[in-house]
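Here the structure comes first, spelled out in structure tokens, and everything after it is commentary.
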Amino acid sequence: MSSIAIIGAGQAGMQLADSLRRGGFEGSVILYGDEGSLPYQRPPLSKQFLLGDLEASRLNFRPIAHYEKLAVTLRLDCAVTQVDLQTRTLAMANGEQAAFDRLAFTTGARVRKLALPGAEDPRVCYLRGITDAQAIRERLATARRVVIIGGGFIGLEVAAVARTLGKEVTVLEAQTRLMPRVVAPVVSAYFEAVHNQRGVRFLLGESLTALAPTSSALGLTTASATYLEADLVVVGIGVHPNLELAAAAGLPCEGGIVVNEFACTRDPTVVAAGDCTWQRNILFERPHRLESVQNAVDQAKVAAASLLEKPVAYSQVPWFWSDQYDVKLQMVGISTGFEAAIVRGNPETGAFSVFYYLGERVLAVDSINRPAEHMAARRLLASGGLLAKELAADPAADLKTIIEKN
Amino acid sequence: MPKVIFIAPDSSRRELESPAGWSVMEAAIQNDVLGIVAECGGGCACATCHVIVDEAWAAQLAPASPNENDLLECTAAPRTATSRLSCQLKISASLDGLTVQIPDRQT
Ligand SMILES: Cc1cc2nc3c(=O)[nH]c(=O)nc-3n(C[C@H](O)[C@H](O)[C@H](O)COP(=O)(O)OP(=O)(O)OC[C@H]3O[C@@H](n4cnc5c(N)ncnc54)[C@H](O)[C@@H]3O)c2cc1C
Ligand code: FES
């Protein structure tokens, strides 16, 4: 029998432990976390949880009894500080050491911080973990003016919650449109209109250049010398993968911990999964990094299969969702490099999809309040993405049936 | 607290008490009922929390939203007349004893 250590008790770590047991692994499994809480879901942190509807324990993936049943040892307040792949030992922040035979990195990512004087002010908040969300929730209770830095998913979800709670909300985005790296202009424009209608103010093509905390407010100055005041600033400008521990152990890292399509690092007894990986998926020519529930879950399953010595190559189609007010955006595939964006349905009705084409092949589909089209698109992309553009553009064509026939 | 009853694919029963206001999906997850995957954690975005509601109860539930209805077309186990997404079903005193069947697969 052997032992497997999993570093990082988040979405991927929890899935990996689960899949190892389901796959029949009988050795010891130890899950190391540093947040002190049972593994929990992050998506609600910028959605229902922030609105104030949920108690923290309702975010847990499973109750403690689940881990007991699976005989997974939880070390939830135990940051791993060092890994030695030669001696097969790891060291913890509390000075303890532990031996392992095989190892998994599921260390996730941490937020990028503002590099400006004044940014250490406690009214400048970030959102990654439950304590961050609790801090924002508390400050939202008394704040009147909320400024969001970054018009990506997290920034916009927080903007939607703050507006729903009646706050004055301004969003600063350095690019000239929202979610610029991931969606087509038609989708950006749609979301800009949705937020505008609800009273959110946007400063696009604007970046923050100075922060002046006073006792009554945070004074913000932008590159074009616009000045505004906030009681709360929420920063959502992206994340850094937590790769330092793996890098220090000698494993190659680029935009994450480098893994192959089997989720293996250079050392085949060491795997990695989730937000921390610079990964291969056999559907794509190039390596990339993803930040999504789907990826954490599916790549963790691939990593478990490798540790169980029943390797399967990663070939799942990536998908993602975002909720803003009552608008649900669902995305599948990766649109990078698309040549044509075909709109299906009328954005003015609040329900439409965008098909991203490269040549005759669909690379990705974004659906707004069109869950059935999203699910059909998942099947389409899993089976190669061939769909005539006329059919994609015709809302009367029954996608589900067409795709099943293909 | 209201009761919810889960019938597993092998016909075994789990009877739980769960706070009003929770979803049926949450009751399953927090009590470690297997067979409810809930990948999106209740976001009405994944269709992996599919249940088949006992016929006696089906009519008493609030009807499915258009999004839920759409997603129900995409469940892994085929949709039935009383299929619902358990993350969209709120537990309440008037639904005390709600009985749902867990399908044999969610993905
Ligand atoms: C606010 C928010 C909203 C989101 N919304 C969505 C959404 O709507 N849809 C979607 O698909 N995705 C969403 N995501 C992304 C999704 O939650 C992540 O992609 C997913 O959690 C990644 O899982 P992971 O296990 O790789 O990383 P994480 O969940 O971050 O888990 C990593 C864990 O490892 C711990 N750790 C790191 N280093 C160490 C160490 N040295 N020792 C011990 N422990 C360590 C970390 O503290 C953390 O607990 C959202 C994320 C956030 C923050
Ligand atoms: S949990 Fe995803 S749809 Fe219900």
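Read top to bottom, the protein sequences are chains A and B.
Residues in the first sequence are numbered consecutively from 1186, following my numbering.
Residues in the second sequence are numbered consecutively from 10, following my numbering.
Using N, Cα and C, we set each Cβ at its ideal position, and we do this for glycine too.
- In this structure S95 (chain B) touches S32 (chain B) by the C-beta definition: roughly 6 angstroms separates them, less than 8 angstroms.
- Taking all protein chains shown into account, M1560 (chain A) has 16 or more neighbouring C-beta atoms within 10 Å of its C-beta and is therefore buried.
- The criterion of a C-beta distance shorter than 7 angstroms is satisfied by A1345 (chain A) and Y1510 (chain A).
- Boundaries cannot be given for Y1499 (chain A), as no alpha helix (DSSP H) includes it and DSSP labels it neither H nor E.
- By the rule of a C-beta closer than 7 angstroms to any heavy atom of ligand 2, the residues picked out are B:M34, B:A47, B:E48, B:C49, B:G50, B:G51, B:G52, B:C53, B:A54, B:C55, B:A56, B:T57, B:C58, B:L80, B:L94, B:S95, B:C96 and B:Q97.
- By the criterion of at least three beta-carbon pairs nearer than 8 angstroms, the segment 1190-1201 of chain A is not in contact with the segment 1294-1306 of chain A.
- One thing to note: D1483 (chain A) has its Cβ no nearer than 7 angstroms to the Cβ of P1398 (chain A).
- A contact between stretches requires three or more CB pairs, one per stretch, nearer than 8 angstroms, and the segment 50-67 of chain B meets this requirement with the segment 21-36 of chain B.
- For V1419 (chain A), the closest C-alpha among the options A:G1351, A:G1435, A:R1313 and A:V1456 is that of A:R1313.
- Just so you know, the alpha carbons of D1551 (chain A) and V1517 (chain A) end up roughly 6 angstroms apart.
- Per the coordinates, the alpha-carbon of I1315 (chain A) lies some 30 angstroms from the alpha-carbon of A1378 (chain A).
- Chain-ordered, the chain B residues with CB closer than 8 angstroms to the CB of V1478 (chain A) read E48, C49 and G50.
- For E35 (chain B), the chain A residues whose Cβ falls inside 7 angstroms of its Cβ are R1243, in order along the chain.
- Distance from V1539 (chain A) to V1372 (chain A) at the Cβ level is roughly 6 angstroms; contact confirmed, criterion being Cβ atoms closer than 8 angstroms.
- Interface flag for P1370 (chain A) against chain B is unset, since no Cβ pair is found closer than 7 angstroms.
- When secondary structure is reduced to three states using DSSP, C55 (chain B) falls in the coil class, being assigned neither helix nor strand.
- Shown here, V1547 (chain A) sits in a strand according to DSSP, grouped into three states.
- Under the DSSP assignment, G1340 (chain A) falls outside any beta strand (DSSP E), being part of the alpha helix (DSSP H) whose first and last residues are F1338 to T1349.
- Contact between the segment 1252-1271 of chain A and the segment 1332-1352 of chain A is absent: fewer than three C-beta pairs spanning the two stretches fall below 8 angstroms.
- Proximity of chain A to E82 (chain B) at the Cβ level (cut-off 8 angstroms) is accounted for by A1557, M1560 and K1585, in chain order.
- Chain-order list of chain B residues neighbouring A1458 (chain A): empty, with the shortest C-beta distance near 15 angstroms, by a criterion of under 9 angstroms.
- Straight across, the Cα-Cα distance linking G1237 (chain A) with E1575 (chain A) is about 45 angstroms.
- Look at the segment 1231-1278 of chain A and you find these whole runs of alpha helix (DSSP H), each 4 residues long or longer: 1233-1236 and 1249-1255.
- In the displayed model, D1508 (chain A) falls within a strand according to three-state DSSP.
- In this structure, P1426 (chain A) has its beta carbon at no less than 6 angstroms from each heavy atom of ligand 1.
- Within the same chain, and ignoring the five residues on either side of Q1515 (chain A) in sequence, the residues whose Cβ sits closer than 6 angstroms to its Cβ are W1506, S1552 and H1559.
- Following the DSSP letters along the chain, one finds E1353 (chain A) in no alpha helix (DSSP H) but inside the beta strand (DSSP E) bounded by residues E1353 to E1358.
- The Cβ neighbour count for T84 (chain B), taken over all protein chains shown within 10 Å, is at least 16; the residue is labelled buried.
- Under the Cβ distance rule, D41 (chain B) counts among the residues neighbouring chain A, one pair being separated by less than 7 angstroms.
- Its Cα nearest to that of A67 (chain B), the residue B:T89 stands out among B:T89, B:A54 and B:G51.
- Within the DSSP secondary-structure output, S1400 (chain A) pairs in no beta bridge.
- Taking 6 angstroms as the cut-off, the C-beta of F1290 (chain A) does not count as close to any heavy atom of ligand 1.
- For L1216 (chain A), there is no enclosing alpha helix (DSSP H); the residue is part of the beta strand (DSSP E) that begins and ends at S1213 to Y1217.
- In the three-state scheme derived from DSSP, where H, G and I count as helix and E and B as strand, F1376 (chain A) is classed as helix.
- E1476 (chain A) has its CB nearer than 6 angstroms to a heavy atom of ligand 1.
- One finds nothing in chain B with a Cβ atom closer than 8 angstroms to the Cβ of V1517 (chain A); even the nearest lies about 11 angstroms away.
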